[in-house]
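Below is one structure, written out as structure tokens, with a few remarks after it.
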Amino acid sequence: MQSSFDQFELDSIYQNQIGFETVEKMLPYLPAMSVSAINIFRFIRHYLVEGGMGATDVPVTEIALHLERAGLPLLIAGQIESLFETQFPAIYCINFNVLEEMELVLIKKHIFEEMLDKIESI
């Protein structure tokens, strides 16, 4: 049986509207934890763009400050900064592209796991 994800070229998935719609169609097939993480990454990207910092590298230690300046309540901004400090210690700064790539990594991880499960079941 062919995987529902075999047809997707993930390296260029965000290059056009069709790619974006493809990602949206994949969300129901992802684990709930991955969908939650993707929603957080999108939430952060939205506030970075709103704050005029879409292309700017934001140090992880300053995420809360920049998100607050963009209009996010300090409590939530602080929780997001803490999340990055604890869950992604190898990342020193974020920007729109880094967050987008993190989203794609989660999707790729799920696809690879699905492929491995299929191979193991043979």
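Taking the numbering used here, I'd label the letters of the sequence shown as residues 265 to 386.
For glycine and all other residues, C-beta sits at the position ideal for the given N, C-alpha and C.
The structure displayed is predicted, hence computed values, not measured ones.
Who are the Cβ neighbours of residue i in its own chain at under 6 Å, not counting the five residues just before and after it?
| i | result |
| --- | --- |
| Y311 | L331, A334, L336 |
| A341 | A328, L331, E332 |
Determine whether the beta carbon atoms of residue i and residue j lie at a separation below 9 Å.
| i | j | result |
| --- | --- | --- |
| I264 | I344 | For residue 264 there is no data in the structure shown, the boundaries of the chain being 265 and 386. |
| A301 | E365 | no |
| G318 | R309 | yes |
| L370 | R306 | no |
Go to residue i, then tell me how far its alpha helix (DSSP H) extends in each direction, as first and last residue.
| i | result |
| --- | --- |
| E377 | 360-384 |
| G342 | 338-351 |
| A328 | 327-333 |
Under 7 Å Cβ to Cβ from residue i, same chain only, skipping five residues before and after it: list those, please.
| i | result |
| --- | --- |
| C357 | D321, V322, P323, V324 |
| E314 | A334, G335 |
| E349 | V324 |
Residues in its own chain within less than 8 Å of residue i by CB, not counting five upstream and five downstream?
| i | result |
| --- | --- |
| L291 | V299, I302 |
| P295 | H374 |
| F360 | R309, L312, V313, G318, A319 |
What runs of the alpha helix (DSSP H), each 4 residues or longer, lie entirely inside the stretch 296-329? 296-314
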